[in-house]
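K.L.:
Dropping a structure here in structure tokens format, bear with me for questions.
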Amino acid sequence: MAIIRHWTYTPSTESINNWNDRRDFVMLEAAVFDMDGLMIDSQPYWQTAQLEVLPTLGVAMTRQDTIETTGSRIDEIVQACYERSPWESVTQKEVCDRIVNRVIQLVQQHKPAMPGLRHAIDVCQQQGLKLALASSSPLSLISATIDALQLQGVFSAKMSAADLRYAKPHPEVYLNACDALGVRPTNAIAFEDSLIGLLAAKAAQMKTIVVPEPSAAKDPRFVIADRQLASLEELTQPMLTSI
């Protein structure tokens, strides 16, 4: 026969105070947003731009190839393509510029804000968090996106990994964003959509919320995130305080 004992525990005032002290120590001060795939639905535009530009140079590429490099920096993608199928007519930088400029055109034309973006920004602001943007995209695309979505003045810092020595999943761009905001990475939360970006934020020792695209949502590797959402629309203030 199983014996079930019922018991209750009332924490002392000292225990409660100690817990509150620990909560205060890790209280969030900032939120850092990824851009492509998180703030804007730009991944199809990156795919389109690559499929328009790279085959003209003799690079065999499928849409699935572009999906597999989601979250990677465009210069790394172009370099990998060059190593696989070299060309002579233009430099790798010129190819990158062509792709980025095409993405900018598509973003300006369609203004593809992700569902819940403004809601998530509002929730973070209501929580009193400083806001920054940390992207692998070049500053030209970051600026074009901010303008297209009418988010001027929202982010106190806008950091690009395009010219850094290391791209995501290295944490450098996230560390730079936290430094620009004047907060410790451990007191900041990162919003990401890709595994590569999530690894970068985790390497920076930040809290993380991941919002993967539906086709990737069941990837078991996203378990390393503090919270996984189906949409930014699901974000709440209690969620931020509980992470």
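Residues 1 to 243 in this note's numbering are what the sequence shown lists, from first letter to last.
For each residue, glycine too, the CB sits at the ideal point set by N, CA and C.
Classify residue 209 as helix, strand or coil using the three-state DSSP reduction.
P.N.:
Translated into positions along the sequence shown, residue 209 becomes position 209. Three-state DSSP puts residue 209 in a strand.
K.L.:
In chain order, what residues of the same chain lie with their CB nearer than 7 Å to the CB of residue 192, ignoring the 5 residues before and after it?
P.N.:
The residue given as residue 192 occupies position 192 in the sequence shown. The answer, listed in chain order, is 34, 38, 198, 201, 208, 210.
K.L.:
Just how far apart, CA to CA, sit residue 89 and residue 48?
P.N.:
Numbered from its first residue, the sequence shown carries residue 89 at position 89. Numbered from its first residue, the sequence shown carries residue 48 at position 48. Approximately 21 Å between the Cα atoms of the pair.
K.L.:
When you compare only the Cα positions, how much space is there between residue 59 and residue 111?
P.N.:
Locating residue 59 in the sequence shown gives position 59, counting from the first residue. Locating residue 111 in the sequence shown gives position 111, counting from the first residue. If I take the Cα positions, the gap works out to 29 Å.
K.L.:
In chain order, what residues of the same chain lie with their CB nearer than 6 Å to the CB of residue 15, ignoring the 5 residues before and after it?
P.N.:
Taking the sequence shown and counting its residues from 1, one reaches residue 15 at position 15. Reliability fails at residue 15, whose pLDDT of 42 lies under 50, so the model's placement of it is uncertain and no value is given.
K.L.:
Under a three-way DSSP split, which group does residue 118 fall into?
P.N.:
Position 118 of the sequence shown, counted from the start, is the residue given in the question as residue 118. Reduced to three states, the DSSP call for residue 118 is helix.
K.L.:
Considering only DSSP beta bridges, list what residue 160 is partnered with.
P.N.:
On the sequence shown, position 160 is the one that residue 160 refers to. According to DSSP, which records beta bridges pairwise, residue 160 is partnered with 135.
K.L.:
Out of 240, 136, 43, state which residue places its alpha-carbon closest to the alpha-carbon of residue 206.
P.N.:
Position 206 of the sequence shown, counted from the first residue, corresponds to residue 206. Here the closest residue by C-alpha is 240.
K.L.:
Mind checking which residues open and close the alpha helix (DSSP H) that includes residue 201?
P.N.:
On the sequence shown, position 201 is the one that residue 201 refers to. Counting along the chain, the alpha helix (DSSP H) containing residue 201 begins and ends at 195-203.
K.L.:
How long is the line joining the alpha carbons of residue 184 and residue 56, rounded to whole angstroms?
P.N.:
Mapped onto the sequence shown, residue 184 falls at position 184. Mapped onto the sequence shown, residue 56 falls at position 56. Spanning the two alpha carbons is a distance of roughly 46 Å.
K.L.:
Quick check on this structure: which residue in 87, 95, 86 has the alpha carbon closest to the alpha carbon of residue 74?
P.N.:
Within the sequence shown, numbered from 1, the residue matching residue 74 stands at position 74. When each option's Cα is compared against that of residue 74, the closest is 95.
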